[in-house]
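Participant: Residue numbers (the numbering used here): 1 to 225.
We put the CB at the ideal spot given by N, CA and C, even for glycine.
Mind having a look at this structure? Questions to follow.
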Amino acid sequence: MSSRIDLRGHLSSWQRLALGALMLLVSLGYLPLNRLMSGGVTVDIWLDRYVPLWTVWIVPYLLTLVWWVVAGLWALWAMDDGLYAAFVSSWILACLIGFSVFVLYPTYMVRPQVSGEGWTDQIVRYVYANDRTYNAFPSMHVWATTTISLYWSRWRPRWRGWLVAATIVVAFSTVLSGQHWIMDVVGGTILALVCYPLGLRLAAGWLAAMRRTSLDEAARGGEPV
Numbered sequence: 001m002s003s004r005i006d007l008r009g010h011l012s013s014w015q016r017l018a019l020g021a022l023m024l025l026v027s028l029g030y031l032p033l034n035r036l037m038s039g040g041v042t043v044d045i046w047l048d049r050y051v052p053l054w055t056v057w058i059v060p061y062l063l064t065l066v067w068w069v070v071a072g073l074w075a076l077w078a079m080d081d082g083l084y085a086a087f088v089s090s091w092i093l094a095c096l097i098g099f100s101v102f103v104l105y106p107t108y109m110v111r112p113q114v115s116g117e118g119w120t121d122q123i124v125r126y127v128y129a130n131d132r133t134y135n136a137f138p139s140m141h142v143w144a145t146t147t148i149s150l151y152w153s154r155w156r157p158r159w160r161g162w163l164v165a166a167t168i169v170v171a172f173s174t175v176l177s178g179q180h181w182i183m184d185v186v187g188g189t190i191l192a193l194v195c196y197p198l199g200l201r202l203a204a205g206w207l208a209a210m211r212r213t214s215l216d217e218a219a220r221g222g223e224p225v
């Protein structure tokens, strides 16, 4: 159904930059929430008791942040105007909904003990010391990565297999690095899947309004004086 959505339209350079800046600004809202939130509940289920801590999974977990930056800049530079507007819309919607859940239904993660002395163990200790355990459900790592994969699959269909695989790796990394419960992953996935069509429709409506405005201006410009 989303494939029939009309995303025709043109964005000026400043409009693309404004969308990118808004996307970044909204995303940074995670930082104060991470520092200010307290209390809440855990959303662990019985399966979480069987999830081991594999500190090597902190590597893809952290590399995901690099991918977000690369994907955001790449989309700003090269993605089709209409699809870029939809991508930013879905991203912002997911962030606003996710952050609202953080505030209205606060959750936290009970992290496992890190007993090893390897380099990945040291990295995990550093992450645990600097990234608070709150804002667990839904997982921003999952909703952001899934949103990127959905839009890149639409933009670059040949990459779909790699994008799906990368999203699965990120989902596993959030749990196996001790950063999230299983339900956090489920929640993040659902949030991205919900906001994907919403973003497409929001952008389509906005672009249609822009086209009507352009036609009206052109018609007025052609009227005899």
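Closest to A94 by CA distance: which of P197, I45, P60 and R132 is it?
Facilitator: Out of P197, I45, P60 and R132, P197 has the C-alpha closest to the C-alpha of A94.
Participant: Counting C-beta neighbours from all protein chains within 10 Å, is the total for V231 16 or more, i.e. buried, or is it exposed?
Facilitator: The structure shown has nothing for residue 231, since the chain only spans 1 to 225.
Participant: For G118, collect the residues of the same chain with a Cβ closer than 8 Å to its Cβ; drop the 5 residues on either side in sequence, then sort them by chain order.
Facilitator: T55, listed in sequence order.
Participant: For the segment 127-173, which segments carrying the beta strand (DSSP E) assignment without a break, of at least 3 residues, lie completely within its bounds, in sequence order?
Facilitator: List check, beta strand (DSSP E) in window: nothing returned.
Participant: Would you call M1 buried or exposed, if buried means 16 or more other Cβ atoms sit within 10 Å of its Cβ?
Facilitator: Residue placement at M1 is flagged as unreliable, the pLDDT there being 44, under the threshold of 50; the coordinate-derived value follows with that caveat. Under this definition M1 is an exposed residue.
Participant: Answer with buried or exposed for D184, where buried requires no fewer than 16 other C-beta atoms within 10 angstroms of its C-beta.
Facilitator: Its Cβ being crowded by 16 or more others within 10 Å, D184 is buried.
Participant: Taking the alpha carbon of F172 as the point to measure from, which residue in W152, W155 and T145 has its own alpha carbon closest?
Facilitator: When each option's Cα is compared against that of F172, the closest is T145.
Participant: Using C-beta distances below 6 Å, list every residue in its chain close to V225, excluding the 5 sequence neighbours before and after it, in chain order.
Facilitator: Note that V225 scores a pLDDT of 39, beneath 50, so its modelled location is shaky; the value from the coordinates is reported in the next line. Cβ neighbours of V225 beyond the five flanking positions: none.
Participant: Beta carbon of A85, beta carbon of A208: below 7 Å?
Facilitator: The answer is no: Cβ separation not under 7 Å.
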